[in-house]
Amino acid sequence: ETGVTQSPTHLIKTRGQQVTLRCSSQSGHNTVSWYQQALGQGPQFIFQYYREEENGRGNFPPRFSGLQFPNYSSELNVNALELDDSALYLCASSRRRLANQETQYFGPGTRLLVL
Amino acid sequence: AQSVTQLGSHVSVSEGALVLLRCNYSSSVPPYLFWYVQYPNQGLQLLLKYTSAATLVKGINGFEAEFKKSETSFHLTKPSAHMSDAAEYFCAVSPLLNYGGSQGNLIFGKGTKLSVKP
Numbered sequence: 001e002t003g004v005t006q007s008p009t010h011l012i013k014t015r016g017q018q019v020t021l022r023c024s025s026q027s028g029h030n031t032v033s034w035y036q037q038a039l040g041q042g043p044q045f046i047f048q049y050y051r052e053e054e055n056g057r058g059n060f061p062p063r064f065s066g067l068q069f070p071n072y073s074s075e076l077n078v079n080a081l082e083l084d085d086s087a088l089y090l091c092a093s094s095r096r097r098l099a100n101q102e103t104q105y106f107g108p109g110t111r112l113l114v115l
Numbered sequence: 116a117q118s119v120t121q122l123g124s125h126v127s128v129s130e131g132a133l134v135l136l137r138c139n140y141s142s143s144v145p146p147y148l149f150w151y152v153q154y155p156n157q158g159l160q161l162l163l164k165y166t167s168a169a170t171l172v173k174g175i176n177g178f179e180a181e182f183k184k185s186e187t188s189f190h191l192t193k194p195s196a197h198m199s200d201a202a203e204y205f206c207a208v209s210p211l212l213n214y215g216g217s218q219g220n221l222i223f224g225k226g227t228k229l230s231v232k233p
C-alpha cells in the first residue's frame, strides 16, 4: 500500500506567477485535503475534495483553486502568487464513508518559495 | 468556532524524563482530537487519535493522550523521552457536525517543539 505522495518537493516562483502542485492519495482513499503551513505555524486548511467536488473551504481567496481526478489524485493551483504564499503545502488523503470522515494521512509536502 | 491551544511553543526535557505536551480545545460538541508529529523538512505523521471511544488513547512510539471533557484538554504524554522524539508536535481538532458526521477539516494548534537533551 503506497502512502500519500506529492510533487514537486520544492519549487521557486516569482510574484505574480501561477503554480500547480500535485498529490496522489493513499490507496483506498477518496478524499483529499490541502493545507498551507507557513514557517513556524500550524497547518491551515485550504479546501477539501470529495468525489471530484470541493467539499469545504477554509479562509483562502479564490486564487487558490483545486481539482480532484477520477483516480482521486488532486491538484492545487495558486494564481497571482504573493510573497506570503511562501509555505509548505501539505496534502492529506482520507476515506469518507457516508457522513463520516476518517483519519487524514499526510504527504511529505511541497515547499514553495515566492520571490 | 472550534479552536486548539497548545501551551508552550518550546518544551525541553532530558533523555529518560517524562514528556508532557499540553493541548486545550474549544468546541461546542465533543470533537475528534488528534496528535501529529512533524520531523524537520517532513510532512505530518499521525501519533494517535480520539474518536469518542476510550478516553485514554495509546499511540505509536510509546505516546498516549487522555481526553478530559471537563477540562477540554487532550494532553500528550510519554513516560521516558528518547533523543529520537525531538520534533514538532501538533494537536488538531476535527469538528463534528450536529448529526455526528465529521466536518472533515482539521484545525491545528501552533505546535510545540520538543527538544531532548542527552
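Quick mapping for you: the protein sequence lines, in order, are chains A and B.
Count the first sequence with the numbering used here and you get residues 1 to 115, in order.
Count the second sequence with the numbering used here and you get residues 116 to 233, in order.
Where a beta carbon is used, it is the ideal one built from N, C-alpha and C, also for glycine.
Everything numeric in this text was worked out from a predicted model, so none of it was measured.
What residues in its chain sit with their C-beta under 8 Å from that of residue i, if we drop five residues either side in the sequence?
i                 : result
Arg96 of chain A  : Asn30, Thr31, Tyr50, Glu102
Gly123 of chain B : Leu136, Arg137, Thr227
Ser230 of chain B : His125, Val126, Ser127, Val128, Ala201
At the level of alpha carbons, what is the spacing between residue i and residue j?
i                 : j                 : result
Val19 of chain A  : Thr120 of chain B : 32 Å
Phe223 of chain B : Met198 of chain B : 25 Å
Gly42 of chain A  : Asn59 of chain A  : 15 Å
Trp72 of chain B  : Phe47 of chain A  : The structure shown has nothing for residue 72 of chain B, since chain B only spans 116 to 233.
Pro146 of chain B : Glu52 of chain A  : 26 Å
Ala180 of chain B : Phe106 of chain A : 21 Å
Asn156 of chain B : Cys23 of chain A  : 17 Å
Leu115 of chain A : Leu133 of chain B : 43 Å
Leu159 of chain B : Ala92 of chain A  : 9 Å
Show which residues of chain A have a CB atom less than 8 Å away from the CB atom of residue i.
i                 : result
Phe189 of chain B : Simply none; closest approach about 15 Å.
Asn220 of chain B : Ser33, Phe45, Gln48, Gly56, Gly58
When the cut-off is 7 Å and only beta carbons count, does residue i lie next to chain B?
i                 : result
Pro61 of chain A  : no
Leu90 of chain A  : yes
Gly3 of chain A   : no
Pro108 of chain A : yes
Against chain A, with Cβ distances strictly below 7 Å, would residue i count as a contact?
i                 : result
Leu162 of chain B : no
Leu159 of chain B : yes
Lys225 of chain B : yes
Phe205 of chain B : yes
Using a C-beta to C-beta distance shorter than 8 Å, which residues of chain B count as neighbours of residue i?
i                 : result
Tyr105 of chain A : Leu161
In chain B, what lies closer than 9 Å to residue i by C-beta?
i                : result
Ser8 of chain A  : It is Pro, not Ser, that sits at residue 8 of chain A in the sequence shown. Per Cβ cutoff of 9 Å: no residues; Pro8 of chain A is ~14 Å from chain B at best.
Gly16 of chain A : Simply none; closest approach about 27 Å.
Quick one: what's got a C-beta closer than 7 Å to residue i's C-beta in the same chain, skipping five residues either side?
i                : result
Gly56 of chain A : Phe47, Gln48
Gly16 of chain A : Ala80, Leu81
Arg63 of chain A : Val78, Asn79, Ala80
What does residue i touch in chain B if you count any residue whose Cβ is under 7 Å from its own?
i                : result
Gln41 of chain A : Lys225
To which residues of the same chain is residue i closer than 6 Å at the C-beta, ignoring the five residues directly before and after it?
i                 : result
Phe243 of chain B : As shown, chain B starts at 116 and ends at 233. That puts residue 243 of chain B outside it, with no answer to give.
Please report whether the beta-carbon of residue i lies at a distance below 7 Å from any beta-carbon of chain C.
i                : result
Leu81 of chain A : The structure shown contains no chain C; the protein chains it does contain are A and B.
* Asked: Curious, which full-length beta strand (DSSP E) runs of at least 3 residues does the stretch 28–69 of chain A contain?
  -> 31–37, 44–50, 53–57, 64–68
* Contiguous beta strand (DSSP E) assignments of at least 3 residues, all confined to the stretch 72–108 of chain A -> 74–78, 87–94
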